[in-house]
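*Asks:*
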Amino acid sequence: MRRTEREIKDKSEIERIISKALVCRVAVSDENEPYIIPMCFGFRDGILFFHSALEGKKIEILKKNNRVCFEMDVDTELVEGKNGCDWGIKYSSVVGFGKASFIEDIEEKRNVLHILLEHYSNKKYEFSEESLSQVAIIKIQVESLTGKTAVFEG
């Protein structure tokens with residue numbers, strides 16, 4: 026990281042950012058062509074979880090290349106400067122890398138969907154086996170995480 030004074034090294038602060046984030050952007054690559062997708066997510070024990078349709082571009086790419094990069098950010102605020110070059114953004118972010126795989130087991134899918142919902146709500150839901158069979162669950166084993174914060178004053 027070029028601006029080491031902005032690096033977040035405290036694991037609990039990195040986990041706070043993850044728990045507060047509403048969207049995780051997942052980047053995949055198909056034969057050197059990047060593709061990024063904003064997704065709802067859940068996080069537990071160093072693993073990111075996502076749900077998806079069973080088919081689509083990201084599913085096709087992940088089946089060929091399971092390497093991913095992901096990003097989430099919180100506390101963003103535009104800071105207006107005195108001139109055009111003095112503008113900036115305050116933020117805290119996490120960027121990471123990992124390997125994606127698919128969960129096929131129905132009970133494991135059910136558990137993961139509860140993890141995803143816990144990220145956004147305290148409500149409990151039930152899932153039929155039929156609905157579970159019609160959803161893809163993507164698991165990303167996180168290999169590295171980097172946190173960064175910018176407190177910009179224009």
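The sequence shown begins at 26 in the working numbering and counts up by one.
We put the CB at the ideal spot given by N, CA and C, even for glycine.
1) Would you call the stretch 107 to 117 and the stretch 66 to 83 in contact, with 3 or more CB pairs under 8 Å?
2) Between the Cα of K45 and the Cα atoms of V99, I84, K34, G67, which residue gives the shortest distance?
3) Taking the alpha helix (DSSP H) that E80 falls in, what are its first and last residues?
4) For S117, does the count of other Cβ atoms within 10 angstroms reach 16, so buried, or fall short, so exposed?
5) Consult DSSP for G109 and reduce its assignment to one of helix, strand or coil.
6) Report back the beta-carbon spacing between A175 and I84 to the nearest angstrom; my notes put them in contact at under 8 Å.
7) Thinking C-alpha only, which one of E40, R69, C65 is nearest N136?
*Replies:* According to the data block:
1) Too few Cβ pairs lie closer than 8 Å, so no.
2) Comparing alpha carbon positions, the residue from V99, I84, K34, G67 closest to K45 is V99.
3) Taken as a continuous stretch (DSSP letters only), E80 belongs to no alpha helix (DSSP H), as it is neither H nor E.
4) When all chains shown are included, S117 counts as buried.
5) Under the three-state reduction of DSSP output, G109 falls in the helix class.
6) That belief does not hold up - the Cβ atoms of A175 and I84 are roughly 34 Å apart, past 8 Å.
7) The residue with the shortest Cα to Cα distance from N136 is R69.
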